[in-house]
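Chemist:
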Amino acid sequence: MKKIALMAVTVLMTGSLFAFDNDLLEFKGKPESYTKTEYSVTSRFGEYFRTVAIKHVHTFANGLRMETVSYSPKDEVLDSVSYEYTAGRKISAEICKDAEGKVTRKLVYEYSTDGKIKSESAYNAEDVLTGKNIYKHEANKTIESLYNAEGKLVSRTNHILENGKEVEVAYYFGDGTLSHAEKYTYNDKGDVALIENIDSEGKKAGKTIYRYDDKGAIAEIQIYASDTDLIERDIYKTDAKGNPTKISIYSIAEKFGSIANELISITDYTYGASTDAK
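So that you can map any letter, position 259 of the sequence shown is 258 in numbering that gives the first Met the number 0, and since no number is skipped, the others follow by simple counting.
#1: Tell me the DSSP bridge mates of F59?
#2: Going along the chain, which residues of its own chain have a beta-carbon closer than 6 Å to the beta-carbon of L11, five neighbours each way excluded?
#3: Under DSSP, the beta strand (DSSP E) around D126 begins and ends at which residues?
#4: Let me know the secondary structure DSSP gives D267 once reduced to three states.
#5: Whose C-beta lies closer than 8 Å to the C-beta of V76 among residues of the same chain, with five residues either side of it excluded?
#6: If I'm right that Y47 touches L262 with Cβ under 8 Å, what's the distance once you round it to whole angstroms?
#7: Assuming P243 is part of the beta strand (DSSP E), what are its boundary residues?
#8: For K1, collect the residues of the same chain with a Cβ closer than 6 Å to its Cβ; drop the 5 residues on either side in sequence, then sort them by chain order.
#9: Can you tell me the Cβ-Cβ gap for V56 and T34, rounded? I've got them flagged as a contact below 8 Å.
#10: Applying the criterion that 16 or more other CB atoms from any shown protein chain within 10 Å of the CB defines a buried residue, is P72 buried or exposed?
#11: DSSP three-state label for S79, please.
#12: Is there a Cβ from chain D that is less than 7 Å from the Cβ of D187?
#13: Check whether the Cβ atoms of K27 and N242 sit closer than 7 Å, and answer yes or no.
#14: Measure the alpha-carbon distance for N162 versus T269 and round it to whole angstroms.
#15: Taking I251 as the reference, give the member of I197, L229, S144 and D238 with the closest Cα.
#16: Quick check on DSSP: helix, strand or coil for T176?
#17: Give me the residue from I265, A121, V191 and K202 with the minimum Cα distance to S91.
#18: For S118, which residues in the same chain have their Cβ closer than 8 Å to its Cβ, ignoring the five residues on either side in sequence?
#19: Exposed or buried, which one is R43 when buried takes at least 16 other CB atoms within 10 Å?
#20: Pick helix, strand or coil for G205, following the three-state DSSP scheme.
#21: Skipping 5 residues on each side, what residues in its chain have a beta carbon closer than 7 Å to that of K140?
#22: Please identify the residue among K96, S111 and A218 whose C-alpha is closest to the C-alpha of D126.
#23: Go ahead and label T227 buried or exposed: buried means 16 or more other beta carbons lie within 10 angstroms of its beta carbon, across all protein chains shown.
#24: Using DSSP bridges, identify the partner residues of A49.
#25: Looking only at its chain, what residues have a beta carbon closer than 7 Å to the beta carbon of G271, apart from the 5 residues adjacent to it on each side?
#26: Sort out for me which residues DSSP pairs N260 with in a bridge.
#27: Determine the DSSP secondary structure at A272, reduced to helix, strand or coil.
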């Protein structure tokens, strides 16, 4: 939920996500840092070649993400994000800076007395409010309302919960019309197994299937444009703790009379020392 809101508010602030890394994966163990390297892939004479597109270095302290720095293929700093926390270890602010270290925008988080997220406010480089996401929590429902700087409703997202897990998420435009929706199914271990996409008319519009290995680590994500039209496979390699070390993304299409799996991108993860004893 937080990741969706962060992206929505950031787009409202700037119209672009720039190079900032929205990777908020929850890792097993407590690494002091990890580096995420994204590669673009090209094909020449039937062989694949990869080239660094961007690199993100995440650093932690006491189990909390403290900073993310993004680098160009030439190892030049592109931008960075630093994180601040409440006494209860909840994120209170994200401060975004450019390559020169100047603040470009900021996200401020507010919580209610029960610890649930209450609002997210976005500010520009001049510390002027540019957007706000307000949360309303009910027994089995959470409502996100995204407003622009003038207080006009831009979008609304309804999260339907069962036993604390999302089972349906509906996305609405500011005028109240449905944009699209997602329905969630979980496996016996409580991990997401299937997300079904629903279009604005209530019709099925594709699905995403999640597969796990024997240890419970994500092994593959399959994306379908319809019930039977597979268009993408994300193949995961993980370490002994179940953390990703490589993600290879393949585009699936019919070519030359057969189904082709074409490698389109690679992401590598490398981890620094860990502060946990596991």
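Quick reminder that beta carbons are idealized off the backbone N, C-alpha and C, glycines included.
Modeler: So, to answer that:
#1: As a working mapping, residue 59 is identified with position 60 in the sequence shown. Partner(s): R64.
#2: Sequence index remark: in the sequence shown, residue 11 carries index 12 (1-based). Its pLDDT being 49, under 50, L11 is placed unreliably by the model, and the measurement read from it follows with that caveat. Here the set comprises G130.
#3: Translated into the one-based positions of the sequence shown, residue 126 becomes position 127. Note, D126: premise wrong, no beta strand (DSSP E); not H, not E.
#4: Residue mapping note: residue 267 aligns to position 268 of the sequence shown, counting from 1. Strand, per DSSP.
#5: For the purposes of this step, residue 76 is taken as residue 77 along the sequence shown, with counting starting at 1. For V76, where only same-chain residues beyond five positions count, the Cβ hits under 8 Å are V68, S69, Y70 and A98.
#6: For this step, residue 47 is matched to residue 48 along the sequence shown. For this step, residue 262 is matched to residue 263 along the sequence shown. That pair is a contact at about 5 Å.
#7: Counting from 1 along the sequence shown, the entry for residue 243 is found at position 244. Unbroken beta strand (DSSP E) run through P243: P243 to K254.
#8: For the purposes of this step, residue 1 is taken as the residue at position 2 of the sequence shown. Because the pLDDT of K1 is 43, which lies under 50, any placement of that residue in the model is unreliable, and the question is left without a value.
#9: As a working note, residue 56 is residue 57 in the sequence shown. As a working note, residue 34 is residue 35 in the sequence shown. Confirmed, Cβ separation roughly 5 Å.
#10: Looking up residue 72 in the sequence shown gives position 73. Exposed is the call here.
#11: To locate residue 79, count along the sequence shown from 1; it is residue 80. It is a strand residue.
#12: Reference to chain D is not applicable here, since this structure consists of a single protein chain.
#13: For the purposes of this step, residue 27 is identified with residue 28 of the sequence shown, where counting begins at 1. For the purposes of this step, residue 242 is identified with residue 243 of the sequence shown, where counting begins at 1. Yes, they are a contact pair.
#14: Position 163 of the sequence shown, counting from 1, holds the residue named residue 162. Position 270 of the sequence shown, counting from 1, holds the residue named residue 269. If you take the alpha carbons of N162 and T269, they lie about 35 Å apart.
#15: If you number the sequence shown from 1, residue 251 lands on position 252. Among I197, L229, S144 and D238, the Cα nearest to that of I251 belongs to L229.
#16: Counted from its first residue, the sequence shown places residue 176 at position 177. T176 falls in the coil class under three-state DSSP.
#17: The residue labelled residue 91 in the question sits at position 92 within the sequence shown. Among I265, A121, V191 and K202, the Cα nearest to that of S91 is on A121.
#18: As a position in the sequence shown, residue 118 is number 119, starting the count at 1. Contacts found: Y108, E109, K131, N132, I133 and Y134.
#19: Taking the sequence shown and counting its residues from 1, one reaches residue 43 at position 44. Exposed, because fewer than 16 other Cβ atoms sit within 10 Å of the Cβ of R43.
#20: In the sequence shown, the residue the question calls residue 205 occupies position 206. Strand, per DSSP.
#21: Translated into positions along the sequence shown, residue 140 becomes position 141. The answer, listed in chain order, is N157, H158, I159 and L160.
#22: In the sequence shown, the residue the question calls residue 126 occupies position 127. Out of K96, S111 and A218, K96 has the C-alpha closest to the C-alpha of D126.
#23: Counting from 1 along the sequence shown, the entry for residue 227 is found at position 228. When all chains shown are included, T227 counts as exposed.
#24: Locating residue 49 in the sequence shown gives position 50, where the first residue counts as 1. Reading the sequence as shown, one finds Arg at residue 49 and not Ala. BP columns for R49 point to V40.
#25: The residue labelled residue 271 in the question sits at position 272 within the sequence shown. Closer than 7 Å at Cβ, skipping near neighbours: P30, E31, S32 and Y33.
#26: For the purposes of this step, residue 260 is taken as residue 261 along the sequence shown, with counting starting at 1. I251, per the DSSP bridge assignment.
#27: In the sequence shown, the residue the question calls residue 272 occupies position 273. The answer is coil: DSSP assigns A272 none of H, G, I, E or B.
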